[in-house]
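Order-wise, the sequence lines are chains A and B.
Each step along the first sequence adds one to the number in our numbering, with nothing skipped, and position 13 is 13.
Each step along the second sequence adds one to the number in our numbering, with nothing skipped, and position 180 is 612.
In this text, a Cβ means the ideal position worked out from N, Cα and C, and glycines have one as well.
Note that the structure is a prediction, hence the values are computed from the model and not measured.
To start, the structure under review is shown below, and the notes come after it.
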Amino acid sequence: VESWLRAGAVATAVLIPVDARSQSIVYGPARIEIGAQATGVVTRESPAIHGRDLTEGYLTQPMVMVMASLWSSALALTGALDFEGITLERGELNAGIHGEGYVDRRHPHTYLHELVVSLQNRFGDNGLSLALGKGFVPFGTDDPMARPFEKYPINHHLAQILERAVAVGAVRTRRVVLEAGLFNGDEPTSPGDVPNRKRYWDSWSSRVTLLPFPQGEIQGSYARVRSPENPTGGGADHRKQSASIRLEDAQHSGYGLLEWARTTNYVGSSRTFAFTSVLAETWARYGRASGALRYERTDRPDEERLADGFRTPLPATDLSIAGRSRWSILTARMAASFEPAKTLSLEPFAELAYIRVSPTLNPSAFDPAQFYGSDRIWSVSFGAKVALGMRHMRMGRYGVAAGGQRGMKPDGIDMRDMHDHGAGAATARTQQ
Amino acid sequence: MIGDLLRPGVSSFTRSATIVAALAIVACRSDSPVQPPTTTSPSLTVFGQGAVSERFTGEVWVRGNIAYTTTWGNRLAPGNAVKIWDVTGNVPALVDSLIVPGASTLGDIQTSDDGTLLVVATEFAPGSIMIYSLANPLKPQLITRYNSALTNPGVHTAEVQRVNGTLYAFLSIDPGGGAPARLVIVDLTNPAAPNQVFTAVMGSPFVHDVFVRDGILITALWNQGITIWDIGGAGSGSVSNPVALGNVITVGGEAHNVWWFHNALTGEKRYVFVGEEGPGALGSRASGDIHVVDVTSFAAPREVAFYRLAGAGTHNFSVDESRGILYAAYYNGGVRAIDIRGDLSSCDAANRSPDGRCDLGRTGREIGHWREGGPPVYVWGVQLVGGRVYASDMLNGIWKLSEATLPPG
Chain A
1 VESWLRAGAV ATAVLIPVDA RSQSIVYGPA RIEIGAQATG VVTRESPAIH
51 GRDLTEGYLT QPMVMVMASL WSSALALTGA LDFEGITLER GELNAGIHGE
101 GYVDRRHPHT YLHELVVSLQ NRFGDNGLSL ALGKGFVPFG TDDPMARPFE
151 KYPINHHLAQ ILERAVAVGA VRTRRVVLEA GLFNGDEPTS PGDVPNRKRY
201 WDSWSSRVTL LPFPQGEIQG SYARVRSPEN PTGGGADHRK QSASIRLEDA
251 QHSGYGLLEW ARTTNYVGSS RTFAFTSVLA ETWARYGRAS GALRYERTDR
301 PDEERLADGF RTPLPATDLS IAGRSRWSIL TARMAASFEP AKTLSLEPFA
351 ELAYIRVSPT LNPSAFDPAQ FYGSDRIWSV SFGAKVALGM RHMRMGRYGV
401 AAGGQRGMKP DGIDMRDMHD HGAGAATART QQ
Chain B
433 MIGDLLRPGV SSFTRSATIV AALAIVACRS DSPVQPPTTT SPSLTVFGQG
483 AVSERFTGEV WVRGNIAYTT TWGNRLAPGN AVKIWDVTGN VPALVDSLIV
533 PGASTLGDIQ TSDDGTLLVV ATEFAPGSIM IYSLANPLKP QLITRYNSAL
583 TNPGVHTAEV QRVNGTLYAF LSIDPGGGAP ARLVIVDLTN PAAPNQVFTA
633 VMGSPFVHDV FVRDGILITA LWNQGITIWD IGGAGSGSVS NPVALGNVIT
683 VGGEAHNVWW FHNALTGEKR YVFVGEEGPG ALGSRASGDI HVVDVTSFAA
733 PREVAFYRLA GAGTHNFSVD ESRGILYAAY YNGGVRAIDI RGDLSSCDAA
783 NRSPDGRCDL GRTGREIGHW REGGPPVYVW GVQLVGGRVY ASDMLNGIWK
833 LSEATLPPG
């Protein structure tokens, strides 16, 4: 299956017309948008592991995205192929991150990142929708791939749930969006993995989003995820909470996010460990230049590691953890946007992160200062993102939850402008 | 209140500040503190400690005056070493060590009953067992490394036992690579060429340990409890064709390890002790009880009693069958010695749990412990040999302790 997915993903990428003249192709009531992107980046971490500095280069977040809709999105398809399984098999240096068998390196996503069909009906400002497919669970905040920074926040597995077989119902009024979803609890175990059919619909989540003023969004969500880290079941269950405030100005030149997330592990009805994250990030654009700042404080479970110190057993061999560490990370970013062709954009960037880590349990089988060689880590990255065709948009919402009107992306907020404001902003205005 | 926040007159700043404050309040909640276990039983005497500080210590196996300890996980160095100790004196003396190539952690270790072989389980991929010759017990020599596609995810434990005269290793295999946990049995008649004679998927979701005695195999199957198999001791079963006789799901599941107690004083073979390995944080927290299962009928085993140490969790056992004392490694609770003589299913109502099991702690059956106070310990394994209790402590190395004293009567 993995080989077929890999071959299919490559074939699809090759078919994207490099000289595409526009982002939207219209056939009668149908509209199709296609886009592709990739980021080349070099990262140096000091220390990365066992007192050693590492410098590595990657092609990260290589994706092909498609949005197809009929009758102003009454019927819509959202798809994304992700090639990280090919380009990022060893994982990307990202101090503190963990999940899906990787630690201190971000794991590659699955080839079929998202494929969701949604049906919606609108009644003025109100509407109903139903979405079905593989994609994002109605929980938490936007996927980090659709936010300002190249390096992921390490709370990714606390604050988002993705790459699941999902069924999502949504109800929208002028100021409130309610979503509820069923999905499979098991996380992917490799880029070619598909949701475990025996686990379909064993987990659920709900999200309430308030839109109290045009440039603001407040969300709160809750999820019960059954045995996410053991695909056959029987592992610890996760009860997850998330709350956030998101602001973006009308000109799409400034953005801010304040987020709180917590995952509490349960074995049966017994509460075991809780992992909490607080994150604040902001981004602003000044002409072609943009800058961003992010602060994050996140608790991480520390697990036994394999001979490759950046990997952990998948699944774990019992219900215990080696320790729990608290990561405080301050990240700054500078970038510039260029458009050498109408549908092609280029964004060189630099990111610098200062990281402090400390154990929260004592004694612990994981002493960060001992393991890394220091309790303070520096990370610097240089790279450039190339995007073709449709710009990367906000990810994680479907149907009426994704936009205030038919055919519109999320109400008043269009993340396509986060990285390349020019063509993306023009398209957003056209759609409105 | 939320409605007030949304009124037109309320500024964006006020709305945001109110929500930020609410988030901060919610965020301040944290885990409940864990109370260290306490006890009133006598303390076991410490004779000496063999310190290990560069690695975490795993299991212990003692034969004669030689002790072998494995190492686990990743500290200053990876858990790929077997330490060899001379325990003739009070203080275990490190005499040598083995490094197992390609292993990220070592778990179980055991010698064969005739003392000729040392078998070490390795995790993770490539999971294997290392088989050493003990012609010189202080200088084990590698005979072979046994690995197959089935053992590749990792061998969690390797129980080495003889069945009808033939030596076998019972390998508990980790789930991994999309494959579920399983049991693999290999014939060690020719230790240079182990031969797989049986395998089956087992455990939900783990199989961590088994117990073999008198042609009976007892598997600890986590949330499926324990299953009793005939492998040549009770009828038509054999090692290559085990026949299930009975199963019981111990309260709470998480069945991790087993000891079938043969009471040398009475000849009774009534009780199986099951260790429950609940969630923990290595070094500081653990959970899980000792469950007592009456196996008078293999077809209908039933749990009749338990022992709980609040704030700690049990791991591996060693039983003094001649005196009726169970020694339990208890992670952050150190070592506990429990009097297991007599009828464990009989107690008055005040000492029963609501589900009818006898609470061995309440009935005063804990007769010794190590330790309370002082620097923390986290005890993985325990073994009684020659009137001394050896404890492997993940944080500190190996300890040599006195055995417990039985109360009069």
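Checklist entry - Under a Cβ-count criterion, where at least 16 other Cβ atoms within 10 Å of its own Cβ denotes burial, should A/Asn196 be classed as buried or exposed? => result Position 196 of the first sequence, counting from 1, holds the residue named residue 196 of chain A. That one is buried.
Checklist entry - Between B/Ala611 and B/Val639, what straight-line distance do the alpha-carbon atoms span, to the nearest angstrom? => result On the second sequence, residue 611 of chain B is found 179 positions in, with the first residue counted as 1. On the second sequence, residue 639 of chain B is found 207 positions in, with the first residue counted as 1. One C-alpha to the other measures close to 13 Å.
Checklist entry - Hey, does A/Leu178 have any beta-carbon neighbour from chain B nearer than 8 Å? => result As a first step, residue 178 of chain A is located in the first sequence; it is residue number 178 there, counting from the start. With 8 Å as the cut-off, A/Leu178 does not count as an interface residue toward chain B.
Checklist entry - Can you find at least 3 beta carbon pairs, one from the stretch 168–178 of chain A and one from the stretch 198–216 of chain A, that sit closer than 8 Å? => result yes
Next on the checklist: Does B/Ile563 pass the burial test, meaning 16 or more other C-beta atoms within 10 Å, or should it be called exposed?
Outcome noted: Position 131 of the second sequence, counting from 1, holds the residue named residue 563 of chain B. Burial call: buried.
Next on the checklist: Can you pull the chain A neighbours of B/Phe638, defined as C-beta to C-beta under 7 Å?
Outcome noted: Working through the second sequence from its first residue, we reach residue 638 of chain B at position 206. Ordered by position in chain A, the residues that pass the 7 Å Cβ test against B/Phe638 are Thr317, Asp318.
Item to check | Amino acids of chain B, ordered along the chain, whose beta-carbon sits closer than 8 Å to that of A/Thr189 | outcome: Taking the first sequence and counting its residues from 1, the one referred to as residue 189 of chain A is at position 189. Those are Gly610, listed as they occur along chain B.
Checklist entry - Looking at B/Val671 and B/Asn748, is the spacing between their C-beta atoms short of 8 Å? => result For the purposes of this step, residue 748 of chain B is taken as residue 316 along the second sequence, with counting starting at 1. For the purposes of this step, residue 671 of chain B is taken as residue 239 along the second sequence, with counting starting at 1. The answer is no: Cβ separation not under 8 Å.
Item to check | Neighbour-count burial assignment, B/Thr486, 16 or more Cβ in a 10 Å radius | outcome: As a position in the second sequence, residue 486 of chain B is number 54, starting the count at 1. The sequence shown places Glu at residue 486 of chain B, not Thr. That one is exposed.
Next on the checklist: Is it the case that the stretch 326–339 of chain A contacts the stretch 718–727 of chain B, given that we only count it when at least three CB pairs across the two stretches are under 8 Å?
Outcome noted: no
Checklist entry - Between B/Leu838 and B/Ile799, what straight-line distance do the alpha-carbon atoms span, to the nearest angstrom? => result The sequence position of residue 838 of chain B within the second sequence is 406, counting from 1. The sequence position of residue 799 of chain B within the second sequence is 367, counting from 1. Approximately 7 Å between the Cα atoms of the pair.
Checklist entry - How should B/Ala652 be labelled, buried or exposed, when 16 other C-beta atoms within 10 angstroms of its C-beta is the threshold for buried? => result Looking up residue 652 of chain B in the second sequence gives position 220. Buried.
Checklist entry - Since B/Ala823 contacts B/Ala761 with CB under 8 Å, what's their CB separation in whole angstroms? => result Here residue 823 of chain B is taken as the residue at index 391 of the second sequence, counted from 1. Here residue 761 of chain B is taken as the residue at index 329 of the second sequence, counted from 1. The Cβ separation is near 7 Å, so the contact holds.
Item to check | Spatial distance of A/Asp299 from A/Ser118 (CA atoms) | outcome: Taking the first sequence and counting its residues from 1, the one referred to as residue 299 of chain A is at position 299. Taking the first sequence and counting its residues from 1, the one referred to as residue 118 of chain A is at position 118. Looking at the two C-alpha atoms, the distance is approximately 35 Å.
Checklist entry - Are the CB atoms of B/Ala513 and B/Leu526 nearer to each other than 8 Å? => result Start at 1 with the first residue of the second sequence, and residue 513 of chain B comes out as number 81. Start at 1 with the first residue of the second sequence, and residue 526 of chain B comes out as number 94. Not closer than 8 Å, so no.
Checklist entry - Buried or exposed: B/Asn828, going by 16 or more other Cβ atoms within 10 Å of its Cβ? => result Stepping through the second sequence from its first residue, residue 828 of chain B is reached at position 396. Counting Cβ neighbours within 10 Å, B/Asn828 comes out buried, since at least 16 surround it.
Next on the checklist: According to DSSP, simplified to helix, strand and coil, what is A/Asn94?
Outcome noted: Numbered from 1 along the first sequence, position 94 holds the residue referred to as residue 94 of chain A. DSSP places A/Asn94 in strand when its eight states are reduced to three.
Next on the checklist: Measuring alpha carbon to alpha carbon, tell me which residue in A/Ser221, A/Pro228, A/Ala384 is nearest A/Ala236.
Outcome noted: Position 236 of the first sequence, counted from the first residue, corresponds to residue 236 of chain A. Of the listed residues, the one whose Cα sits closest to A/Ala236 is A/Pro228.
Next on the checklist: Considering only DSSP beta bridges, list what A/Gln241 is partnered with.
Outcome noted: Against the first sequence, residue 241 of chain A aligns to sequence position 241. Looking at the DSSP assignment, A/Gln241 forms a beta bridge with A/Tyr222, A/Arg262.
Item to check | the stretch 467–486 of chain B: positions lying closer than 7 Å to chain A by Cβ | outcome: none
Checklist entry - How is A/Ala236 classed by DSSP in three states: helix, strand or coil? => result For the purposes of this step, residue 236 of chain A is identified with residue 236 of the first sequence, where counting begins at 1. Three-state DSSP puts A/Ala236 in coil, outside helix and strand.
Item to check | Under 7 Å by beta carbon: chain C residues contacting B/Ser716 | outcome: Included in the structure are the protein chains A and B, with no chain C among them.
Item to check | A/Arg311 beta carbon less than 8 Å from that of A/Tyr102 | outcome: Against the first sequence, residue 102 of chain A aligns to sequence position 102. Against the first sequence, residue 311 of chain A aligns to sequence position 311. Contact: yes.
Item to check | Inter-residue Cα distance where the pair is A/Gly135 and B/Thr728 | outcome: Residue numbering aside, residue 135 of chain A sits at position 135 when the first sequence is read from its first letter. Residue numbering aside, residue 728 of chain B sits at position 296 when the second sequence is read from its first letter. So the two alpha carbons sit approximately 53 Å from each other.
Checklist entry - Cβ of B/Ala713 less than 8 Å from any chain A Cβ? => result As a first step, residue 713 of chain B must be located in the second sequence, where it is residue number 281. Closer than 8 Å: yes.
Item to check | Buried or exposed by the 16-neighbour rule on C-beta atoms within 10 Å, applied to A/Val42 | outcome: One-based indexing of the first sequence puts residue 42 of chain A at position 42. Label assigned to A/Val42: exposed.
Item to check | DSSP bridge partner residues for B/Thr537 (one or two, in chain order) | outcome: As a working mapping, residue 537 of chain B is identified with position 105 in the second sequence. According to DSSP, B/Thr537 bridges with B/Gly511, B/Glu555.
Checklist entry - Apart from the five residues on each side of it in sequence, which residues of its chain come closer than 8 Å, Cβ to Cβ, to B/Ala557? => result The count along the second sequence starts at 1 and reaches residue 557 of chain B at position 125. Counting only Cβ-Cβ distances below 8 Å, and skipping sequence neighbours, we find Asn584, Pro585, Gly586, Gly608, Gly609.
Checklist entry - Going along chain B, which residues have a C-beta under 7 Å from A/Asn230? => result By 1-based counting over the first sequence, the position of residue 230 of chain A is 230. Under the 7 Å cutoff, chain B gives Pro637.
Item to check | Bridge-paired residues (DSSP) for A/Thr110 | outcome: For the purposes of this step, residue 110 of chain A is identified with residue 110 of the first sequence, where counting begins at 1. Per DSSP, none; premise fails for A/Thr110.
Item to check | Top-ranked residue by Cα proximity to A/Met145, from A/Ser242, A/Thr60, A/Thr263 | outcome: The sequence position of residue 145 of chain A within the first sequence is 145, counting from 1. Here the closest residue by C-alpha is A/Thr60.
Checklist entry - So who's on the other strand from B/Trp661, going by DSSP bridges? => result The count along the second sequence starts at 1 and reaches residue 661 of chain B at position 229. Its beta-bridge partners are B/Leu649, B/Ala676.
Next on the checklist: On the DSSP letters alone, give me the boundaries of the beta strand (DSSP E) that B/Gln481 sits inside.
Outcome noted: One-based indexing of the second sequence puts residue 481 of chain B at position 49. Taken as a continuous stretch (DSSP letters only), the beta strand (DSSP E) holding B/Gln481 covers 478–483.
Next on the checklist: Using a Cβ-Cβ distance cut-off of 8 Å, determine whether B/Arg577 contacts chain A.
Outcome noted: Here residue 577 of chain B refers to the residue found at position 145 when the second sequence is read from its first residue. Taking Cβ atoms only, chain A never reaches closer than 8 Å to B/Arg577, which makes this a no.
Checklist entry - Taking B/Gly796 as the reference, which of B/Leu574, B/Leu508, B/Tyr739, B/Ser544 has the closest Cα? => result Locating residue 796 of chain B in the second sequence gives position 364, counting from the first residue. It is B/Tyr739 whose Cα lies nearest to the Cα of B/Gly796.
Next on the checklist: Please list the terminal residues of the continuous beta strand (DSSP E) segment that includes B/Ala799.
Outcome noted: Here residue 799 of chain B corresponds to residue number 367 of the second sequence, with the count starting at 1. It is Ile, not Ala, that sits at residue 799 of chain B in the sequence shown. Looking at the DSSP string, the run of the beta strand (DSSP E) that includes B/Ile799 is 798–802.
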